[in-house]
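Going by our numbering, the final residue of the sequence shown carries number 281, and the count climbs one at a time with no gaps. Everything on this sheet refers to the single structure shown next.
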Amino acid sequence: MTEKQSIFGRIAQLAKANINALIDQAEDPQKMLDQLVRDYTNEIAEAEKAIAQTIGNLRLAEQDYNADVAAATDWGRKAVAASSRADQYRAAGDAANADKFDALAKVAIGRQITAETEVKEAEPLLASQRDAVDKLKTGLAMMKDKLGQLKSRRDTLVARQKSAQAQRQVQEAIGSINVLDPTSELARFEDRVRHEEAYAQGQAELAASSLDSQFAELESSDSQIEVEARLAALKAGAEPAQLPATPVTPQIAAGPQS
Numbered sequence: 024m025t026e027k028q029s030i031f032g033r034i035a036q037l038a039k040a041n042i043n044a045l046i047d048q049a050e051d052p053q054k055m056l057d058q059l060v061r062d063y064t065n066e067i068a069e070a071e072k073a074i075a076q077t078i079g080n081l082r083l084a085e086q087d088y089n090a091d092v093a094a095a096t097d098w099g100r101k102a103v104a105a106s107s108r109a110d111q112y113r114a115a116g117d118a119a120n121a122d123k124f125d126a127l128a129k130v131a132i133g134r135q136i137t138a139e140t141e142v143k144e145a146e147p148l149l150a151s152q153r154d155a156v157d158k159l160k161t162g163l164a165m166m167k168d169k170l171g172q173l174k175s176r177r178d179t180l181v182a183r184q185k186s187a188q189a190q191r192q193v194q195e196a197i198g199s200i201n202v203l204d205p206t207s208e209l210a211r212f213e214d215r216v217r218h219e220e221a222y223a224q225g226q227a228e229l230a231a232s233s234l235d236s237q238f239a240e241l242e243s244s245d246s247q248i249e250v251e252a253r254l255a256a257l258k259a260g261a262e263p264a265q266l267p268a269t270p271v272t273p274q275i276a277a278g279p280q281s
């Protein structure tokens, strides 16, 4: 495979590349696109060098072609000049010089034919080279256009990826807030406080109940002591204790009515 065919192959492959399909197949689109940009840039640089060389070769071939055209014209002019001089010598009766210049005319005609042959052979090659250069230039323009598309898609994709990552972080933060709802934590704390308050109230009620029972026991104990004391006094022959008499309020007698 010649270098020209290799260039055509790379251009055709890159020009037909489906960027969307490549992106869809990539595990990491950004890295893949960065690599594609580097590959495209390198391929374009190589293609430009090869195309420049091809164009240079075409220009050399065109110079050779033009030189052959000029040579054919020049040798044709020399052939005419030599033939004319031969005719002049022959008309003057100088056969020797006439033959000499006719021979020179034949040599010039031979050189003219050779140059014309080279011109005819070069024409299709030049046409082919010109066509190849035109195709290479078109392919190179397509590659550069594809590279521009690739860079644009890469920048757009990177921006979209960063936006998606930011949105995902926000959604994850929102999800965390929903999972760890602060109001639910307050509710649990409030419930615990209520239980502690109820426990304290229970302790207070229990303490109050115990104090009342203690006073009740104390009163019961005082009554029992008095009973025991009176029983002991009876056994000792003492008179039963008399309850104090109910005091009577004296009435004031009414005086004689006037």
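The beta-carbon is built from N, C-alpha and C at its ideal position, and this holds for glycine as well.
From residue i to residue j, what does the alpha carbon distance come to, in whole angstroms?
| i | j | result |
| --- | --- | --- |
| residue 16 | residue 135 | No statement about residue 16 is possible, as the shown extent of the chain runs from 24 to 281 and does not include it. |
| residue 190 | residue 182 | 12 Å |
| residue 214 | residue 233 | 29 Å |
| residue 266 | residue 236 | With a pLDDT of 47 at residue 266, under the threshold of 50, the modelled position of this residue cannot be trusted, and the question is left open. |
| residue 24 | residue 68 | Summary for residue 24: the model assigns pLDDT 45, below 50, so the residue's position carries little reliability, and this model does not support an answer. |
| residue 221 | residue 210 | 16 Å |
| residue 59 | residue 149 | 35 Å |
| residue 105 | residue 94 | 16 Å |
| residue 171 | residue 165 | 10 Å |
| residue 137 | residue 173 | 53 Å |
| residue 226 | residue 212 | 21 Å |
| residue 216 | residue 224 | 12 Å |
| residue 251 | residue 257 | 10 Å |
| residue 188 | residue 179 | 14 Å |
| residue 248 | residue 219 | 43 Å |
| residue 147 | residue 153 | 10 Å |
| residue 279 | residue 259 | Model confidence at residue 279 stands at a pLDDT of 47, short of 50, so the residue's coordinates are unreliable and nothing is read from them. |
| residue 64 | residue 193 | 37 Å |
| residue 70 | residue 185 | 34 Å |
| residue 231 | residue 255 | 37 Å |
| residue 114 | residue 103 | 16 Å |
| residue 117 | residue 100 | 23 Å |
| residue 120 | residue 98 | 20 Å |
Relative to the C-alpha of residue i, which residue among the options is closest?
| i | options | result |
| --- | --- | --- |
| residue 162 | 260, 61, 66 and 95 | 66 |
| residue 90 | 218, 249 and 145 | 145 |
| residue 53 | 176, 249, 260 and 259 | 176 |
| residue 140 | 92, 126, 100 and 124 | 92 |
| residue 112 | 124, 103 and 57 | 124 |
| residue 76 | 256, 109 and 155 | 155 |
| residue 126 | 114, 99 and 109 | 109 |
| residue 74 | 153, 159, 152 and 121 | 159 |
| residue 61 | 186, 260, 196 and 167 | 167 |
| residue 142 | 96, 192, 122 and 64 | 96 |
| residue 56 | 121, 169 and 98 | 169 |
Length-filtered (4 minimum) alpha helix (DSSP H) runs lying within the region 79 to 163: none
Given 8 Å, three or more beta-carbon pairs between the region 71 to 86 and the region 113 to 132: no
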